[in-house]
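The next block holds one structure in the form of structure tokens; read it before the comments.
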């Protein structure tokens, strides 16, 4: 944790969830609308098909909604894509950009990520920008080179603590059950913190840095209590309210 920075617990449902999942979403909202919600912010990034229905179902509850990706243009002939303005209209306040699955499966470059961040800002969305190294890059001792390149290439000038959140997600830990050690995470988050502070000044020093990579109830306390970790980006464990809220409950103990 970092004093004076309000943590964010973000869930990424990925390509999961239909209207039947709204019950889980309501349960999450009920849990974080209690006294627990004063300790942190909670965000669920649902599939685009669920955004509008989720917004209506929550009816002002203390749970933020986000998209999982957006196009870098505001409109146009891009079959199957969705714009940041569309996400905003459907009820989103945030959007995940540069997730490792987008970077690897769809070959999204840092330049594309940067353009998408700017599109998010134009629509009034907060960009949750993901960075992280692959296993091969880690074994080759290129972690800090990779993170430096991604930070410099993915974050536009004008990034502030109000319009950007950074999630460090080691690619080798996503969906594998593996997690980085708390010592590794502390070192890397301190590195990221120094990089954004050097470039963006006071705004950079206040940016929230989330950890993402097989976060689950059994390891949440250790991860969330690590220095410079201001929350988590959670995949599979965000699909069930009981798991997500158990992770959130860590902030009662910190």
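Residue numbers (our numbering): 17 to 270.
Each residue gets a CB set at the ideal place from its N, CA and C atoms; glycine is no exception.
Close beta carbons around residue i, own chain, < 6 Å, minus the five adjacent residues each side
{"i": "residue 213", "result": "220, 221"}
{"i": "residue 237", "result": "266"}
{"i": "residue 187", "result": "116, 148, 150"}
{"i": "residue 129", "result": "113, 114, 170"}
{"i": "residue 109", "result": "80"}
{"i": "residue 211", "result": "167"}
{"i": "residue 177", "result": "219, 222, 223"}
{"i": "residue 40", "result": "257"}
{"i": "residue 43", "result": "257"}
{"i": "residue 97", "result": "87"}
{"i": "residue 226", "result": "183, 247, 248, 249"}
{"i": "residue 94", "result": "87"}
Where the beta strand (DSSP E) through residue i begins and ends
{"i": "residue 274", "result": "Since the first and last residues shown for the chain are 17 and 270, residue 274 lies out of range."}
{"i": "residue 47", "result": "Premise fails: residue 47 lies in the alpha helix (DSSP H), 38–48, not in any beta strand (DSSP E)."}
{"i": "residue 61", "result": "57–61"}
{"i": "residue 249", "result": "247–250"}
{"i": "residue 81", "result": "80–83"}
{"i": "residue 21", "result": "Taken as a continuous stretch (DSSP letters only), residue 21 belongs to no beta strand (DSSP E), as it is neither H nor E."}
{"i": "residue 111", "result": "110–113"}
CB-CB length for residue i against residue j, believed under 8 Å
{"i": "residue 143", "j": "residue 180", "result": "5 Å"}
{"i": "residue 216", "j": "residue 175", "result": "6 Å"}
{"i": "residue 56", "j": "residue 24", "result": "6 Å"}
{"i": "residue 145", "j": "residue 153", "result": "The Cβ separation is near 18 Å, so there is no contact."}
{"i": "residue 68", "j": "residue 106", "result": "4 Å"}
{"i": "residue 182", "j": "residue 245", "result": "Actually they do not touch by this definition, with Cβ atoms about 11 Å apart."}
{"i": "residue 270", "j": "residue 241", "result": "6 Å"}
{"i": "residue 205", "j": "residue 184", "result": "6 Å"}
{"i": "residue 118", "j": "residue 85", "result": "6 Å"}
Contacting residues, own chain, Cβ-Cβ under 7 Å from residue i (five flanking each side not counted)
{"i": "residue 33", "result": "62, 63, 66"}
{"i": "residue 77", "result": "45, 49"}
{"i": "residue 231", "result": "239, 248, 250, 253, 263"}
{"i": "residue 141", "result": "100, 103, 104, 108, 109, 110, 111"}
{"i": "residue 199", "result": "none"}
{"i": "residue 38", "result": "69, 70, 73"}
Delimiting residues of the alpha helix (DSSP H) encompassing residue i
{"i": "residue 266", "result": "266–269"}
{"i": "residue 26", "result": "Note, residue 26: premise wrong, no alpha helix (DSSP H); beta strand (DSSP E) at 24–28."}
{"i": "residue 100", "result": "100–106"}
{"i": "residue 65", "result": "64–74"}
Residues near residue i in its chain [Cβ-Cβ closer than 8 Å; skip 5 each side]
{"i": "residue 90", "result": "99, 100, 101, 135, 138, 139"}
{"i": "residue 243", "result": "17, 18, 202, 205, 206"}
**OP:** Only counting runs of 4 or more residues, tell me where the alpha helix (DSSP H) segments fall wholly within the region 120–173, in order along the chain.
**Re:** 126–138, 151–155, 159–170
Original post:
Taking the runs of the beta strand (DSSP E) that are 3 residues or longer, which of them lie wholly in the region 195–243?
Top reply: 225–227
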